[in-house]
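**Q**
Numbering (this note's numbering), first residue to last: 113 to 501.
1. In the DSSP assignment, find the beta strand (DSSP E) that holds residue 443 and state where it starts and stops.
2. Please classify residue 244 as buried or exposed, where buried requires at least 16 other C-beta atoms within 10 Å of its C-beta.
3. Measuring CB to CB, does residue 345 end up less than 8 Å from residue 363?
4. Excluding the 5 residues preceding and the 5 following residue 214 in the sequence, name in chain order all residues of the same chain whose CB lies nearer than 6 Å to its CB.
5. Within its chain, find whatever has a CB closer than 6 Å to the CB of residue 355; leave out the 5 residues flanking it on each side and keep chain order.
6. Below 8 Å CB to CB, which residues in the same chain sit around residue 352 once its five sequence neighbours on both sides are set aside?
7. I'd like to check one pair, residue 441 with residue 498: are the Cβ atoms closer than 8 Å?
8. Might you give, ordered along the chain, the residues of its own chain that have their beta carbon closer than 6 Å to the beta carbon of residue 444, omitting 5 neighbours on each side?
9. In terms of residue numbering, what span does the alpha helix (DSSP H) encompassing residue 332 cover?
10. Measuring only the C-alpha atoms, how far is residue 273 from residue 152?
11. Taking DSSP as the reference, what is the three-state secondary structure of residue 369?
12. What's the C-alpha gap between residue 474 and residue 223?
13. Just the Cα atoms here: how many angstroms apart are residue 179 and residue 426?
14. On a CA-only basis, which of 316, 298 and 255 is nearest residue 396? Give me that one, please.
15. Can you tell me whether residue 366 sits near the ligand ZN, meaning its C-beta is under 7 Å from at least one heavy atom of the ligand?
16. Relative to the C-alpha of residue 282, which candidate in 412, 164 and 156 has its C-alpha closest?
17. Cα separation between residue 255 and residue 147?
18. Report the residue from 203, 374 and 275 whose alpha carbon sits nearest the alpha carbon of residue 438.
19. Write down the C-beta distance between residue 452 and residue 483 rounded to the nearest angstrom, noting that I regard them as a contact closer than 8 Å.
20. Could you give the DSSP three-state label for residue 262: helix, strand or coil?
21. Return yes when the Cβ of residue 225 is within less than 8 Å of the Cβ of residue 295, no when it is not.
22. For residue 386 versus residue 401, is the C-beta distance shorter than 8 Å?
23. Can you find a CB in chain E that lies within less than 8 Å of the CB of residue 296?
24. Let me know the secondary structure DSSP gives residue 308 once reduced to three states.
25. Specify the secondary structure class of residue 452 as computed by DSSP and reduced to three states.
26. Indicate whether residue 233 and residue 159 have their beta-carbon atoms separated by less than 8 Å.
27. Could you name the residues that DSSP lists as bridge partners for residue 349?
28. Which residues in the same chain as residue 72 place their Cβ atom closer than 6 Å to its Cβ, once the five residues preceding and following it in sequence are excluded?
29. For residue 390, which residues of its own chain have a beta-carbon under 7 Å away from its beta-carbon, when the five flanking residues on both sides are left out?
30. Take residue 368 as the anchor and find which of 227, 380, 392 and 212 has the nearest alpha-carbon.
31. Whole angstroms are fine: how far does the CA of residue 257 sit from the CA of residue 465?
32. Which whole-angstrom value is the C-beta distance of residue 219 and residue 262, which I expect to be below 8 Å?
33. Comparing C-alpha positions only, which one of 486, 429, 491 and 456 sits nearest to residue 183?
34. Quick one: what's got a C-beta closer than 7 Å to residue 490's C-beta in the same chain, skipping five residues either side?
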């Protein structure tokens, strides 16, 4: 009887030990990662981050870039960590539905020159802007947005001083004025084709994934009803032209793949291949001064190839463009890289990217995806490091 009792007790003790180990092991790992983060050395990088679109209280579009700053223990010149809600240029919300603009256009030439001298990096992240939606869908009035003369003045000063400039998808699109777009393209040696695109898991209108304007543009251009259901890619030109590529019809693989070349893998730590299911723009560049670090690849059927060729759209085009001269460091991200979901609650865990496969697709507490950890994090970490070398 006593022997049976002690055997039962031993089993319960072993069970409790196993349960405790299972529960405490992840906690111990996280505590260790946090301790390693605190032990890492701090660095100062003076960054001007420009966002003329997101003034929401959460500013989720800022998470990716500011997560990297905090995770890498990068501080402002005053010794404080960067705060995503205040440490940027662009659009700020105030009380009573009012807005405040922190803009380079408000600076004098001397102030712009002084700012360029102090900065290590200029990050042109989002210039889509904000509109007065009360004016109606056909008469939306721009409140603020687009690249400006002040942005270009700072760009030129940063370029002249050999600083690091990073620009991203959508800054050349409306509402950026045509003359400013031309200036930027001439200075940077890149050109937007007018085409943007995005993968959608379902093209079925009933699933609610596609914006309404896609259906309207398609029906207006084709004079017929939308009849797509499966996964696919929607390509849109700034003139209103629209092309749909559907899985198993025009596409062999529905999600665009980013293929990275030697320099990107060896110097920037990027993976050889990475899926990219977000918005992208189709760019070209002056190969006498720039080169492609990575490129998008669309896997097409013969039907899909014929469709693209008829519109002069390539099946491979740049994903990351880099200046190849020693004059200054310039990078253009040909996609919506920075607006990826990542929780700021994980920013102080060193090595959290090693667990990215466990976090993929979680839309609850974290919601991270592998693109952020496998591509954006190593890319931006290296560019920040290079900006102060």
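From the three backbone atoms N, C-alpha and C, an ideal C-beta is built for every residue, glycine too.
**A** For this structure:
1. Start at 1 with the first residue of the chain shown, and residue 443 comes out as number 331. Counting along the chain, the beta strand (DSSP E) containing residue 443 begins and ends at 441-445.
2. Your numbering for residue 244 matches position 132 in the chain shown. Exposed, since its Cβ has fewer than 16 Cβ neighbours within 10 Å.
3. As a position in the chain shown, residue 345 is number 233, starting the count at 1. As a position in the chain shown, residue 363 is number 251, starting the count at 1. It is a contact, given that the beta carbons lie within the stated cut-off.
4. Position 102 of the chain shown holds residue 214. Within the same chain, residue 214 has close Cβ partners 201.
5. In the chain shown, counting from the first residue as 1, residue 355 sits at position 243. Annotation for residue 355: 347 place their beta carbon closer than 6 Å to its own, counting only its chain and skipping 5 residues before and after.
6. Start at 1 with the first residue of the chain shown, and residue 352 comes out as number 240. Hits under 8 Å: 329, 332 and 333.
7. On the chain shown, residue 498 is found 386 positions in, with the first residue counted as 1. On the chain shown, residue 441 is found 329 positions in, with the first residue counted as 1. A contact, by the Cβ cut-off of 8 Å.
8. What you label residue 444 is simply residue 332 of the chain shown in a count that begins at 1. Counting only Cβ-Cβ distances below 6 Å, and skipping sequence neighbours, we find 279, 302 and 433.
9. The count along the chain shown starts at 1 and reaches residue 332 at position 220. Per DSSP, residue 332 belongs to the alpha helix (DSSP H) from 324-334.
10. Your numbering for residue 273 matches position 161 in the chain shown. Your numbering for residue 152 matches position 40 in the chain shown. Spanning the two alpha carbons is a distance of roughly 30 Å.
11. As a first step, residue 369 must be located in the chain shown, where it is residue number 257. In the structure shown, the three-state DSSP call for residue 369 is strand.
12. For the purposes of this step, residue 474 is taken as residue 362 along the chain shown, with counting starting at 1. For the purposes of this step, residue 223 is taken as residue 111 along the chain shown, with counting starting at 1. Here the model assigns residue 474 a pLDDT of 40, short of 50, so the residue's position is not dependable, and the following value carries that caveat. Whole-angstrom Cα-Cα distance: 45 Å.
13. What you label residue 179 is simply residue 67 of the chain shown in a count that begins at 1. What you label residue 426 is simply residue 314 of the chain shown in a count that begins at 1. Their Cα atoms are separated by approximately 34 Å.
14. For the purposes of this step, residue 396 is identified with residue 284 of the chain shown, where counting begins at 1. 298 is the residue among 316, 298 and 255 whose C-alpha sits nearest the C-alpha of residue 396.
15. Only the bare structure without any ligand can be found here, which leaves the ligand ZN out of the picture.
16. One-based indexing of the chain shown puts residue 282 at position 170. Considering only 412, 164 and 156, the residue with the shortest C-alpha distance to residue 282 is 164.
17. Your numbering for residue 255 matches position 143 in the chain shown. Your numbering for residue 147 matches position 35 in the chain shown. Their Cα atoms are separated by approximately 45 Å.
18. On the chain shown, position 326 is the one that residue 438 refers to. Selected option, being the one with the closest Cα: 275.
19. Reading the chain shown from its first residue, position 340 is the one you call residue 452. Reading the chain shown from its first residue, position 371 is the one you call residue 483. Residue 452 to residue 483, Cβ: 6 Å. Contact.
20. As a working note, residue 262 is residue 150 in the chain shown. Looking at residue 262 - three-state DSSP - the assignment turns out to be helix.
21. One-based indexing of the chain shown puts residue 295 at position 183. One-based indexing of the chain shown puts residue 225 at position 113. Judged by beta-carbon spacing, residue 225 lies beyond the 8 Å limit of residue 295, meaning their Cβ atoms are not closer than that value.
22. Residue numbering aside, residue 386 sits at position 274 when the chain shown is read from its first letter. Residue numbering aside, residue 401 sits at position 289 when the chain shown is read from its first letter. In this structure, residue 401 does not lie closer than 8 Å to residue 386 by Cβ.
23. In summary, chain E is missing from the structure at hand, where a single protein chain is found.
24. The residue labelled residue 308 in the question sits at position 196 within the chain shown. Shown here, residue 308 sits in a strand according to DSSP, grouped into three states.
25. Working through the chain shown from its first residue, we reach residue 452 at position 340. Here residue 452 sits in coil by DSSP.
26. Working through the chain shown from its first residue, we reach residue 233 at position 121. Working through the chain shown from its first residue, we reach residue 159 at position 47. It is a contact, given that the beta carbons lie within the stated cut-off.
27. Taking the chain shown and counting its residues from 1, one reaches residue 349 at position 237. Per DSSP, the beta bridge partners of residue 349 are 307.
28. Residue 72 lies beyond the residue range present for the chain, which begins at 113 and ends at 501; the question has no answer from this structure.
29. Position 278 of the chain shown, counting from 1, holds the residue named residue 390. Closer than 7 Å at the Cβ level, and outside the excluded window around residue 390, lie 310, 447 and 448.
30. As a first step, residue 368 must be located in the chain shown, where it is residue number 256. Answer by Cα proximity: 392.
31. What you label residue 465 is simply residue 353 of the chain shown in a count that begins at 1. What you label residue 257 is simply residue 145 of the chain shown in a count that begins at 1. Between residue 465 and residue 257, the C-alpha separation is close to 34 Å.
32. Working through the chain shown from its first residue, we reach residue 219 at position 107. Working through the chain shown from its first residue, we reach residue 262 at position 150. For residue 219 against residue 262, the beta-carbon gap comes to about 7 Å, under 8 Å, which counts as contact.
33. The residue you call residue 183 lines up with position 71 of the chain shown. Ranking the options by Cα distance to residue 183, first place goes to 456.
34. Position 378 of the chain shown, counting from 1, holds the residue named residue 490. So the qualifying residues of the chain are 380, 381 and 382.
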